[in-house]
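**Q** Quick one: the structure is below, questions incoming.
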Amino acid sequence: MSASEDSIPGRLLDWYDRHARALPWRSPPGSPAPDPYRVWLSEVMLQQTTTAAVAPYYARFLERWPTVDALAAADDAEVMAAWAGLGYYSRARNLIAAARAVAARGGFPDSEGELRALPGVGIYIAAAVAAIAFGRRAVVVDANVERVVSRLFAISAPLPGVRGEIRRWTDAITPASRAGDFAQAMMDLGATICTPRDPRCLLCPISGDCAAREEGEPARYPVRAAKKAKPLRRGTAFWVERNGAVWLVRRPGAGLLGGMRALPDDGWSARGDGAGERPGDWRDAGVVRHGFTHFELELAVRASRSAEPVGPGEWWPVSDLEAAGLPTVFAKAAVRALAD
DNA sequence: AACACGTGGAC
DNA sequence: TGTCCAAGTGT
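Now the structure itself:
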C-alpha cells in the first residue's frame, strides 16, 4: 500500500485486513472488486437502512434479477412489491429507472460524475461505487464516516451544517490506493467499534490519533442540531372485502409511499375520518399506530363487505395478501382488519 | 437550507 | 413507551 503503516489509513487498512465484516455484497479485502451491479444495488438498499434489514432483500433481488439487464427488463409492479417493507420507496422507483439507463448504455459508468447522473445516485453512492467497484480514489462519506471523523478531529460544530468540514478531513486521510477498502474500513469501524454510544476505544486501531478520546468523552461527537417534534396525524384506511378478495389501489407515483399498492384511505388529513360519508355498512376494525420519518400516524381501520369500491383498483385474494407488497403501515392495517 | 421520505432494532 | 438512528437523495 502507498500509505505507511503508521499513518491513519495504514493502520485502518491493516485492521480491515484482519477484521472486515463478511457481508453478502462484499468481496473480502484483497480479492477482485465485486460486480458494480451488486455494489450499486446494496448501496441503494443500505441508505438509512441497517445491514440486517437489507440482507434478506438483497438476497431476494439478486436471485430474482441477477444482472442489471434483468432488473431493467422487470415489471415495475414486481420490483415495487419486492421492495415492500424496506421503506423509502422512491429508492425502488429510481432503481428501476437507473437500471434501464445503465442497460441502455451497455453497463455501469466507472466515474463518479457519470454515476452521479443516474437517478437515485447521489454523492455518497457515486463515490462508494467508484471506489469499491472500480478502484477509483473517491471520498466516501456516510453516517459512519461522519461519526468517526468528527471524533478523530473533535469537530464540535453541529451536523448537518458541518458536513463540508467533515468531507475535507475525510479527503485528507483517504489514501491514493485502496480507497474502496478504506471506505469500508471506516464504515466497519463506525459500525462495530466507533459506535454511537459507548465506543470501544480499547479495540480501535486509530485511538492514538483520536482527539475526542484524548478529550475523554468521545460519545459526545458528532454534535447534532436539535430535532423537531413529530406531529400526529389521524386518518382512516378502508378494508373492502368481497368473495375472499380485498380492494387495493395504487398510490400516486410520487410522495409518501409513492407507487406502492395500498388500502384506500381518506388522505390522513388532520380532521380524519370521512368513513361515515362512504355508503355501505361499515364496522370499526380498530386502530393502528405507525411512525413515519416526519409524522406519527394514528390510522383507524374501517371494514365493509357491502361498500362499493371507489376509483381504480383491483380485487386481491386475501389468502395471497403477502404477494401484494403492501407498505408496512397498510400491512399492519390489514392484520387489524383480519383480526377483527 | 430545510424538509420530505419508511422501517425496525437497540436501549 | 420513547428516543435515537441507520452505507442518503431529491427538491
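Residue numbers (the UniProt record's numbering): 1 to 340.
Backbone N, C-alpha and C define an ideal beta-carbon position, used for all residues, glycine too.
Using a 10 Å radius around the Cβ and a threshold of 16 neighbouring Cβ atoms, would you call Gly280 buried or exposed?
**A** exposed
**Q** Should the region 185–205 be regarded as contacting the region 10–22, the criterion being three or more beta carbon pairs within less than 8 Å?
**A** yes
**Q** Nearest by alpha-carbon distance to Arg26: which of Ile96, Tyr58, Arg261 is it?
**A** Tyr58
**Q** Can you tell me where the beta strand (DSSP E) with Val301 in it begins and where it stops?
**A** 296–304
**Q** Pick out whichever of Gly258, Ile166, Arg305, Ser156 has its Cα sitting closest to the Cα of Ala219.
**A** Checking every option, the nearest Cα to that of Ala219 belongs to Ser156.
**Q** Label Arg38 either buried or exposed according to how many other C-beta atoms from any shown protein chain fall within 10 Å of its C-beta, with 16 as the threshold for buried.
**A** buried
**Q** Could you give the residue range of the beta strand (DSSP E) that holds Val246?
**A** 245–250
**Q** Just grab the DSSP bridge partners of Arg289 for me.
**A** Glu298
**Q** Which same chain residues end up closer than 7 Å to Asp142 when comparing Cβ atoms and leaving out the 5 residues on each side of it in sequence?
**A** So the qualifying residues of the chain are Tyr124, Met187.
**Q** Beta carbon of Arg302, beta carbon of Thr236: below 7 Å?
**A** Their beta carbons are under 7 Å apart, which means Arg302 touches Thr236 by this criterion.
**Q** Helix or strand or just coil, what does DSSP make of Met1?
**A** Low confidence applies here, because Met1 scores a pLDDT of 46, under 50, leaving its location unreliable and the question unanswered by this model.
**Q** Looking only at its chain, what residues have a beta carbon closer than 6 Å to the beta carbon of residue 389, apart from the 5 residues adjacent to it on each side?
**A** Outside the modelled stretch of the chain, which goes from 1 to 340, sits residue 389, for which no answer is possible.
**Q** Mind checking who Thr236 pairs with in its DSSP beta bridge?
**A** Paired residues: Ala300.
**Q** Candidates Ala172, Ala331, Val240, Asp110: which alpha carbon is nearest Val310's?
**A** Val240
**Q** Going by alpha carbons, who is nearest to Ile96 out of Ala128, Met45, Val140, Ala185?
**A** Met45
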